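Chemist: For the sequence shown, the numbering used here begins at 74 and goes up steadily by one. Every residue, glycine too, gets a C-beta built ideally from N, C-alpha and C. Values in this document were obtained by computation on a predicted structure and should not be read as measured data.
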Amino acid sequence: METGASLQQAVRVLRDNPMSDSLLLSGGRVLTDRGVEQADVLVRAGRIDAVGTGLDAENVIDCTGCWVGPGFVDLHTHLREPGQVHKEDMGSGAAAAAAGGYTAILAMPNTIPAIDTAARAEAAMQRSRDISTVTIGTAGAVTAGRAGRTLADLGGMLAAGVRWFTDDGDSIRTAGLLSAAVEALGESGAVISEHAEDASLTAGGVMHHGEVAALLGLAGMPAMAESLIIVRDLIVARETGAALHIQHVSTEAAVELIAGAKQEGLAVTAEATPHHLTFDHTELKNRDPRFKMKPPLRTQADVTAVQAGLADGVIDAVATDHAPHTKRETVEAGLEAGAFGVIGLETAAAAVNTALGLRLEAFFDRMSVAPARLGGFDLHGRLVTGGGPANLVVFDPALEWVPTEFRSRSANSPFIGRPMRGRVRATIHEGAVTYQLGGS
Ligand SMILES: [Zn+2]
Numbered sequence: 074m075e076t077g078a079s080l081q082q083a084v085r086v087l088r089d090n091p092m093s094d095s096l097l098l099s100g101g102r103v104l105t106d107r108g109v110e111q112a113d114v115l116v117r118a119g120r121i122d123a124v125g126t127g128l129d130a131e132n133v134i135d136c137t138g139c140w141v142g143p144g145f146v147d148l149h150t151h152l153r154e155p156g157q158v159h160k161e162d163m164g165s166g167a168a169a170a171a172a173g174g175y176t177a178i179l180a181m182p183n184t185i186p187a188i189d190t191a192a193r194a195e196a197a198m199q200r201s202r203d204i205s206t207v208t209i210g211t212a213g214a215v216t217a218g219r220a221g222r223t224l225a226d227l228g229g230m231l232a233a234g235v236r237w238f239t240d241d242g243d244s245i246r247t248a249g250l251l252s253a254a255v256e257a258l259g260e261s262g263a264v265i266s267e268h269a270e271d272a273s274l275t276a277g278g279v280m281h282h283g284e285v286a287a288l289l290g291l292a293g294m295p296a297m298a299e300s301l302i303i304v305r306d307l308i309v310a311r312e313t314g315a316a317l318h319i320q321h322v323s324t325e326a327a328v329e330l331i332a333g334a335k336q337e338g339l340a341v342t343a344e345a346t347p348h349h350l351t352f353d354h355t356e357l358k359n360r361d362p363r364f365k366m367k368p369p370l371r372t373q374a375d376v377t378a379v380q381a382g383l384a385d386g387v388i389d390a391v392a393t394d395h396a397p398h399t400k401r402e403t404v405e406a407g408l409e410a411g412a413f414g415v416i417g418l419e420t421a422a423a424a425v426n427t428a429l430g431l432r433l434e435a436f437f438d439r440m441s442v443a444p445a446r447l448g449g450f451d452l453h454g455r456l457v458t459g460g461g462p463a464n465l466v467v468f469d470p471a472l473e474w475v476p477t478e479f480r481s482r483s484a485n486s487p488f489i490g491r492p493m494r495g496r497v498r499a500t501i502h503e504g505a506v507t508y509q510l511g512g513s
């Protein structure tokens, strides 16, 4: 419990330092360490100074009707740097993240070149430190060049501080490589994160294998392509004790497999994307390439199961799989030739709120608390507490809006033109306002 004395002290320090750049998040519903409270949050010198009532500061953001909690954390962002900065770079990706309420994101290693050595991981970390508006974590590839032939320099990347390994974009090709990776990572606490897709079943596929693909005459990617890799990985995890994370869960079968593994006590976690929580494969009926991604949009039964999985915690976290591509590679290329993937950072919170309408605590758990814990972002995903780090978001769960433009360098979003409910009003990273709705 905050004492009155510490609040008074905070106010006195402010009065004694009139030039200090203090910020008050005023009158929101706040996720504090005492539960949800109607309160003011005073931010000063990069930290939360106090949480209480009747506080004052030089700069005030009116949070009436809003939720105030830990900034969102994304375990699955493609920043395209190095190699494809015409799609996105760390600066534009950070701007998109801030606009979406994110204070920390984990950059996937499928850049060009892939992050598969200590030197490349260190270079990515160094570049990340140039970005002040969002904390950017670095993930490493499991196999050299993500090529699925030999292990990447896992020991070197571990020594550089990498704790998240994935061949995302593809599955880890064989059970042998997965087992060897688990052994190489040893007791480091590192997580192996899996893009579950059996490529022997998806080669040439454009969308979900089902009646819509048949109607359009397109090659499909069956649901079992996801299940087969998850089954394989769960068996390896059972034998080795691996810490396994399943990315972008898209099927009812996958949700059931993960629920069973958790019941068994395996160290498995999972994420779901805003698009898989929202859309089914009928969205592709008019051949709109903005709905093309891996894994593909599935059936309504799958969407419902993924929603239920997230709501009841079988799926631990929302992750965007923010995957920027240019207009030429998407809408101009058409559905069959277009690239896989959609952007997501700027619409994720709204999409989750629109699709699920979670209560405040569960919303922040899936968007902030759980992903921060899984990704090892120690200064993020914390309950709002005096003395704590000021990585915060102000989210208005009732504000209705329609996305039309983005801070991302790319605009390949399935949410363009879709009415959404809930919007980020402000994002605070290390005490500084990195985004404010209606601001510059
Ligand atoms: Zn993936």
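At the level of alpha carbons, what is the spacing between residue 299 and residue 219?
Modeler: Along the sequence shown, read from residue 1 onward, the residue named residue 299 stands at position 226. Along the sequence shown, read from residue 1 onward, the residue named residue 219 stands at position 146. Whole-angstrom Cα-Cα distance: 19 Å.
Chemist: In terms of residues, what are the limits of the beta strand (DSSP E) holding residue 336?
Modeler: Here residue 336 is taken as the residue at index 263 of the sequence shown, counted from 1. It is not in any beta strand (DSSP E) - residue 336 instead sits in the alpha helix (DSSP H) that spans 325-337.
Chemist: Is the beta carbon of residue 166 closer than 8 Å to that of residue 466?
Modeler: Sequence index remark: in the sequence shown, residue 466 carries index 393 (1-based). Sequence index remark: in the sequence shown, residue 166 carries index 93 (1-based). It is not a contact, given that the beta carbons lie outside the stated cut-off.
Chemist: Quick check: residue 495 and residue 476, are their CB atoms within less than 8 Å of each other?
Modeler: For the purposes of this step, residue 495 is taken as the residue at position 422 of the sequence shown. For the purposes of this step, residue 476 is taken as the residue at position 403 of the sequence shown. Not closer than 8 Å, so no.
Chemist: Got a sec? Which residues, its chain only, sit under 8 Å from residue 77 by beta carbon, not counting five neighbours each side?
Modeler: Position 4 of the sequence shown holds residue 77. In this prediction, residue 77 scores a pLDDT of 46, lower than 50, which makes its location untrustworthy; no coordinate-derived value is stated.
Chemist: For residue 359, count neighbouring C-beta atoms within 10 Å of its own C-beta (all shown protein chains included) and say buried if the count is 16 or more, exposed if not.
Modeler: For this step, residue 359 is matched to residue 286 along the sequence shown. With fewer than 16 other Cβ atoms within 10 Å, it is exposed.
Chemist: Would you decide whether residue 493 is buried or exposed? Buried here means 16 or more other CB atoms lie within 10 Å of its CB.
Modeler: Numbered from its first residue, the sequence shown carries residue 493 at position 420. So residue 493 counts as buried.
Chemist: Is the beta carbon of residue 336 closer than 8 Å to that of residue 267?
Modeler: Walking along the sequence shown from the start, residue 267 turns up at place 194. Walking along the sequence shown from the start, residue 336 turns up at place 263. Not a contact, by the Cβ cut-off of 8 Å.
Chemist: Output the distance between the C-alpha atoms of residue 278 and residue 129, rounded to the nearest integer angstrom.
Modeler: By 1-based counting over the sequence shown, the position of residue 278 is 205. By 1-based counting over the sequence shown, the position of residue 129 is 56. Roughly 58 Å separates the two Cα atoms.
Chemist: Taking 7 Å as the cut-off, is the C-beta of residue 281 nearer than that to any heavy atom in ligand 1?
Modeler: In the sequence shown, counting from the first residue as 1, residue 281 sits at position 208. No heavy atom of ligand 1 is found nearer than 7 Å to the CB of residue 281.
Chemist: Entirely within the segment 291-324 and at least 3 residues each: give me those beta strand (DSSP E) ranges in chain order.
Modeler: 317-319
Chemist: Using DSSP bridges, identify the partner residues of residue 224.
Modeler: As a working note, residue 224 is residue 151 in the sequence shown. Partner(s): 216.
Chemist: Please tell me whether, using a cut-off of 7 Å, the distance from the CB of residue 365 to the nearest non-hydrogen atom of ligand 1 is below it.
Modeler: Position 292 of the sequence shown, counted from the first residue, corresponds to residue 365. No; taking the cut-off as 7 Å, the Cβ of residue 365 has no heavy atom of ligand 1 nearer than that.
Chemist: Return yes when the C-beta of residue 242 is under 7 Å from any heavy atom of ligand 1, and no when it is not.
Modeler: On the sequence shown, residue 242 is found 169 positions in, with the first residue counted as 1. For ligand 1, at least one heavy atom lies less than 7 Å from the Cβ of residue 242.
Chemist: Grouping DSSP H, G and I as helix and E and B as strand, with all else coil, what is residue 497?
Modeler: Numbered from its first residue, the sequence shown carries residue 497 at position 424. Correct three-state label for residue 497: strand.
Chemist: What residue ranges within the segment 345-393 form continuous alpha helix (DSSP H) runs of no fewer than 4 residues, ordered along the chain?
Modeler: 373-385
Chemist: Using alpha carbons as the reference points, say which of 510, 157, 306, 385 lies closest to residue 399.
Modeler: For this step, residue 399 is matched to residue 326 along the sequence shown. The shortest C-alpha separation from residue 399 is found at 157.
Chemist: For the putative contact between residue 348 and residue 366, defined by C-beta atoms under 8 Å, what is the C-beta separation to the nearest angstrom?
Modeler: In the sequence shown, counting from the first residue as 1, residue 348 sits at position 275. In the sequence shown, counting from the first residue as 1, residue 366 sits at position 293. About 7 Å separates the two Cβ atoms, so the contact holds.
Chemist: How is the beta strand (DSSP E) around residue 116 delimited, first residue to last?
Modeler: Translated into the one-based positions of the sequence shown, residue 116 becomes position 43. First-last of the beta strand (DSSP E) with residue 116: 108-117.
Chemist: Considering only C-alpha positions, which residue in the set 248, 202, 235, 201 is nearest to residue 222?
Modeler: Translated into the one-based positions of the sequence shown, residue 222 becomes position 149. Nearest option by C-alpha distance: 248.
Chemist: Give the range of the beta strand (DSSP E) segment to which residue 509 is assigned.
Modeler: Against the sequence shown, residue 509 aligns to sequence position 436. First-last of the beta strand (DSSP E) with residue 509: 505-509.
Chemist: Can you name, in chain order, every residue of its own chain whose Cβ lies under 6 Å from the Cβ of residue 419, other than the five neighbours on each side?
Modeler: Counted from its first residue, the sequence shown places residue 419 at position 346. Contacts found: 169, 172, 173, 479.
Chemist: Just to confirm my understanding: we take residue 356, look at its own chain, exclude 5 residues before and 5 after, and list those with CB closer than 8 Å. What are they?
Modeler: On the sequence shown, residue 356 is found 283 positions in, with the first residue counted as 1. Excluding positions up to five away in sequence, the list reads 364, 370, 487.
Chemist: Can you give me the start and stop residues for the beta strand (DSSP E) that residue 470 sits inside?
Modeler: Counting from one through the sequence shown, the residue named residue 470 turns up at place 397. Taken as a continuous stretch (DSSP letters only), the beta strand (DSSP E) holding residue 470 covers 465-474.
Chemist: Whole angstroms is fine: what's the gap from residue 87's alpha carbon to residue 95's?
Modeler: Residue 87 sits at position 14 when you count from the first residue of the sequence shown. Residue 95 sits at position 22 when you count from the first residue of the sequence shown. Because residue 87 carries a pLDDT of 46, less than 50, the predicted location of this residue cannot be relied on, and the following value inherits that uncertainty. If you take the alpha carbons of residue 87 and residue 95, they lie about 8 Å apart.
Chemist: Given the structure, does residue 394 come close to ligand 1, in the sense that its CB is under 7 Å from one of the ligand's heavy atoms?
Modeler: Stepping through the sequence shown from its first residue, residue 394 is reached at position 321. Closer than 7 Å to some heavy atom of ligand 1: that describes the Cβ of residue 394.
Chemist: Enumerate in chain order the residues of its own chain whose CB-to-CB distance from residue 124 is below 8 Å, with the five nearest sequence positions on each side excluded.
Modeler: Taking the first residue of the sequence shown as 1, we reach residue 124 at position 51. Correct list, in chain order: 75, 103, 105, 110, 112, 113, 114, 115, 457, 458, 459.
Chemist: Just confirm the distance between the C-beta atoms of residue 207 and residue 176, as a whole number of angstroms; I'd bet it's less than 8 Å.
Modeler: In the sequence shown, counting from the first residue as 1, residue 207 sits at position 134. In the sequence shown, counting from the first residue as 1, residue 176 sits at position 103. Between residue 176 and residue 207 the Cβ distance is about 6 Å, and since that is below 8 Å, they are a contact.
Chemist: What residue from 152, 380, 263 has the CA that sits closest to residue 350's CA?
Modeler: For the purposes of this step, residue 350 is taken as the residue at position 277 of the sequence shown. The residue with the shortest Cα to Cα distance from residue 350 is 380.
Chemist: Looking at the C-beta of residue 354, does it have a partner C-beta in chain C at a distance below 8 Å?
Modeler: This model lacks chain C altogether; it includes just one protein chain.
Chemist: Between the C-alpha atoms of residue 432 and residue 472, what's the straight-line distance to the nearest angstrom?
Modeler: As a first step, residue 432 must be located in the sequence shown, where it is residue number 359. As a first step, residue 472 must be located in the sequence shown, where it is residue number 399. About 15 Å.
Chemist: For residue 83 and residue 352, what's the separation of their Cα atoms in angstroms?
Modeler: Within the sequence shown, numbered from 1, the residue matching residue 83 stands at position 10. Within the sequence shown, numbered from 1, the residue matching residue 352 stands at position 279. Residue placement at residue 83 is poorly supported in this model, since its pLDDT is 49, which falls under 50; the coordinates are not used for a value here.
Chemist: Since residue 148 sits in a beta bridge, which residues does DSSP pair it with?
Modeler: Taking the first residue of the sequence shown as position 1, residue 148 is located at position 75. Per DSSP, none; premise fails for residue 148.
Chemist: Among 468, 482, 146, which has the Cα closest to the Cα of residue 136?
Modeler: For the purposes of this step, residue 136 is identified with residue 63 of the sequence shown, where counting begins at 1. Out of 468, 482, 146, 468 has the C-alpha closest to the C-alpha of residue 136.
Chemist: In three-state terms, what does DSSP make of residue 426?
Modeler: Position 353 of the sequence shown holds residue 426. Here residue 426 sits in helix by DSSP.
Chemist: Taking its Cβ as the centre, do 16 or more other Cβ atoms sit within 10 Å of residue 485, making it buried, or is it exposed?
Modeler: Along the sequence shown, read from residue 1 onward, the residue named residue 485 stands at position 412. So residue 485 counts as buried.
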